[in-house]
Structure formats: structure tokens, C-alpha cells
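Letter by letter, the sequence shown follows residues 1 to 307 of my numbering.
Glycine is no exception: its CB is placed at the ideal position from the N, C-alpha and C atoms.
Because the structure is a prediction, the values reported are computed rather than measured.
Structure first, commentary second.
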Amino acid sequence: IEHSIKLGDKYADEKSFDEAVTAYSAALAENPNAFKALIQRSIAFQKMQKYAEALADLDNALKVAESRGNREQISTAYFRQGLVYFLAGDFEQAVPLLTKGQEYGCTEASLAIWKLKAEKGLSEGKSVKFDGRVEDVAKAIKTAEAPNASVEAMNRLAPVKEKIKIDWYQSTSSVTLTIFAKNIDKDALRVTMAARSLSVNFPTTSSSEYAYELDPLFSSINPEKSTYKVFGTKLELVLVKNEPVKWTTLEADADVAAAQLVTDVNVATHYPTSSKKGTNWASFQVDEEDAKDGGEDFFKTLYKDAS
1 IEHSIKLGDK
11 YADEKSFDEA
21 VTAYSAALAE
31 NPNAFKALIQ
41 RSIAFQKMQK
51 YAEALADLDN
61 ALKVAESRGN
71 REQISTAYFR
81 QGLVYFLAGD
91 FEQAVPLLTK
101 GQEYGCTEAS
111 LAIWKLKAEK
121 GLSEGKSVKF
131 DGRVEDVAKA
141 IKTAEAPNAS
151 VEAMNRLAPV
161 KEKIKIDWYQ
171 STSSVTLTIF
181 AKNIDKDALR
191 VTMAARSLSV
201 NFPTTSSSEY
211 AYELDPLFSS
221 INPEKSTYKV
231 FGTKLELVLV
241 KNEPVKWTTL
251 EADADVAAAQ
261 LVTDVNVATH
271 YPTSSKKGTN
281 WASFQVDEED
291 AKDGGEDFFK
301 TLYKDAS
């Protein structure tokens, strides 16, 4: 089970959500009550905007958590349910579910913000009824699991990709990222740099396509000054920092970012500030495309508009 879940996590990190669903389904074929597999598969469905399927998994995850009396798992299931309904535009159902998540002590830093946005959308009459038929979806998921009921079958359908090591270090002015891959075709290599993202693609010696993406980066970079160079055994990228801050990871953690910006949203929607212009979080605008990605890209908008 753990092998299948880890493989699913790997595919999810690569944004290969169909493959991730297959891997998590293999884990659930062995143990239908595997809470982590249910949650992770629901997130993969959510990223593909298959909200009914996501809710089917979350309904089962909640039942598992309640049978165990595990408050942390219960709070997670309620939060994920509320988020899916929010993304589907059903604020009327999202609000009570997100509230339940809070009542059970959910530690997701972004929960309070999504709840505020759902309440705002509901008060403005923007809620639309989401009528996903969970019962039918549950049957569809069960059918989809049949040809992928084992890790061996799954690996035959989706062979494990070539393992490529990645390393990085930093100075006050730059981050040097090294991708260890031999004989990279310079003509086929595609590197895309933006202020808060990096994307690398190239064909490997095993005839598969290697894709590496960081979005959002831990902090902003200067794409004009950043460079990359291909060597015989590696690709080296030098990302020039816009600010001399120490990076603790390459990719930003959305929950940590939210925790830094939101101190106590349950107390008030206006926060103490030394700025002449305060920020009203209840009126903060969430971009639809950011929301569809499940919350992560939302914080890019948060950084932009909260300054």
C-alpha cells in the first residue's frame, strides 16, 4: 500500500494526475479504508476538476475517520469537502463544511480564508447548486479500479520513469539548481523561467519525456538575469534572487505562507497594520483559475494584492 501511495504522490508532484489516480486506486484495492489514499486521490480528482469523484472519496474518508474517532482526520475530510464545494461554486454547502473543519481543529492555514470567501459569495447570492451524484461516481471509481487492482498491473501500464537526481545550493544573491542527466539534447531542451516559477522539459536517454516544475518558487527571481548551461552529465541553472532572503525549500509552501499572512481571521476580517491602507480579507478577490488548482496558486494572488 505504501509503495502505491508514494508512487501516487510522485505522479501528483509531476502533475500527472491520471497516473496518480491509478496509483492511489491500487492502494485502495488492497485496503479500501486507507485514509491517506482516499484523501490523496480526492485531491488528484480535484486538480482535474472532477469534483463529484473527489467528493465520493471524501465521503468515504470521513466515514473512515469517524469510525476511528480520529478528530484530525475528521477535520481534514471536512476541510477538503468544503474546498471542493467552494471550487464547484456551491458556497451554501461549502460554508458549513469549512465551519465543521474549524470546529474539529483543522490546522490548514488556508481554511479561514476559503471560509471567508465562501461566506462572501453566499451573501452576494453567487452560490450555485452542485448536483454531483456521489453514488454513481462511487460505482465509476470502483469500475476504474478493476484493471489496475495491483501494483504490477499499474506498472505495466505506466512504467517507472528514469530516475534523475536533483541538487541545489544558494548564496545571498542566487540559487544554483543542478539536474543530473547525461547527454541532454540542447536543441530539445525547454527551460521557462518567470518571476515565481520554473519549468524544465527534455527527452531522456530512455526515450521518455522529463518534466520538472517549481510553481510557485520559494521567493521571486529575476528571469532576465537567470541563466542555465548544459554539461555532459548535468543541467545547471542559476536563479538570480530579487531579494537576499534565505530559501528553506525550492518551492513555496502555501500553508506556511498563509500562516505568515493570516494571524487570526476568526476574530475579524480587518487586521492591525502599520500601513495607512489596511487589507479587508473578506473583500479579497480569488482568481477562478487559482482556485481550481486547489488553493496553491491562490497564494500567488494573495502575495500580489495584499501588499
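Applying the criterion that 16 or more other CB atoms from any shown protein chain within 10 Å of the CB defines a buried residue, is residue i buried or exposed?
i: SER123; result: exposed
i: PRO216; result: buried
i: ALA77; result: buried
i: GLU2; result: exposed
i: THR233; result: exposed
i: GLY105; result: exposed
i: ARG41; result: buried
i: ASP18; result: exposed
i: GLY121; result: buried
i: ALA188; result: exposed
My output table needs one value for residue i: the three-state DSSP class, helix, strand or coil.
i: PHE202; result: strand
i: VAL128; result: coil
i: TYR104; result: coil
i: VAL84; result: helix
i: SER16; result: coil
i: LYS165; result: strand
i: ILE179; result: strand
i: LYS241; result: strand
i: ILE221; result: strand
i: ALA194; result: strand
i: ALA118; result: helix
i: LEU214; result: strand
i: LYS6; result: helix
i: SER174; result: strand
Look at the alpha carbon of residue i and the alpha carbon of residue j, and state the distance between them as a whole number of angstroms.
i: ASN60; j: ARG80; result: 12 angstroms
i: ASN183; j: VAL230; result: 9 angstroms
i: LYS115; j: GLN49; result: 20 angstroms
i: ALA195; j: ILE221; result: 5 angstroms
i: LYS241; j: ALA118; result: 36 angstroms
i: LYS186; j: ASN201; result: 11 angstroms
i: SER199; j: SER67; result: 43 angstroms
i: THR205; j: ALA65; result: 45 angstroms
i: SER197; j: LYS165; result: 20 angstroms
i: PRO223; j: MET193; result: 5 angstroms
i: THR249; j: TRP168; result: 10 angstroms
i: GLU92; j: ASP131; result: 12 angstroms
i: ARG190; j: LYS129; result: 42 angstroms
i: GLU209; j: PRO203; result: 4 angstroms
i: VAL238; j: ALA37; result: 37 angstroms
i: GLU108; j: LYS63; result: 20 angstroms
i: GLU53; j: LYS225; result: 44 angstroms
i: GLU236; j: LEU55; result: 42 angstroms
i: LEU177; j: ILE113; result: 33 angstroms
i: THR22; j: SER16; result: 10 angstroms
i: ILE179; j: SER4; result: 25 angstroms
i: GLN46; j: ILE39; result: 10 angstroms
i: GLU103; j: TYR228; result: 49 angstroms
Using a Cβ-Cβ cutoff of less than 7 angstroms, which residues in the same chain neighbour residue i once the five nearest sequence positions on both sides are dropped?
i: TRP247; result: GLN170, VAL175, PHE218, SER219
i: GLY101; result: SER75, TYR78, PHE79, GLY82, LEU111
i: GLU14; result: ALA211
i: THR172; result: PRO244
i: PHE35; result: ALA61, VAL64, ALA65, GLN73
In its own chain, which residues sit with a C-beta less than 6 angstroms from the C-beta of residue i, not counting the 5 before and 5 after it?
i: ASP9; result: none
i: ALA20; result: GLY8, TYR11, ALA12, ALA44
i: LEU315; result: For residue 315 there is no data in the structure shown, the boundaries of the chain being 1 and 307.
i: GLU213; result: SER199
i: ALA181; result: ILE164
Please confirm if residue i has its CB atom under 8 angstroms from at least one CB of chain C.
i: ASP215; result: No chain C appears in the structure shown, which is made up of a single protein chain.
To which residues of the same chain is residue i closer than 8 angstroms at the C-beta, ignoring the five residues directly before and after it?
i: GLY125; result: none
i: ASN31; result: ILE1, ALA37
i: VAL95; result: GLY82, LYS115, ALA118, GLU119, LEU122
For the segment 84-98 and the segment 61-73, state whether three or more C-beta atom pairs, one from each stretch, are separated by less than 8 angstroms.
no
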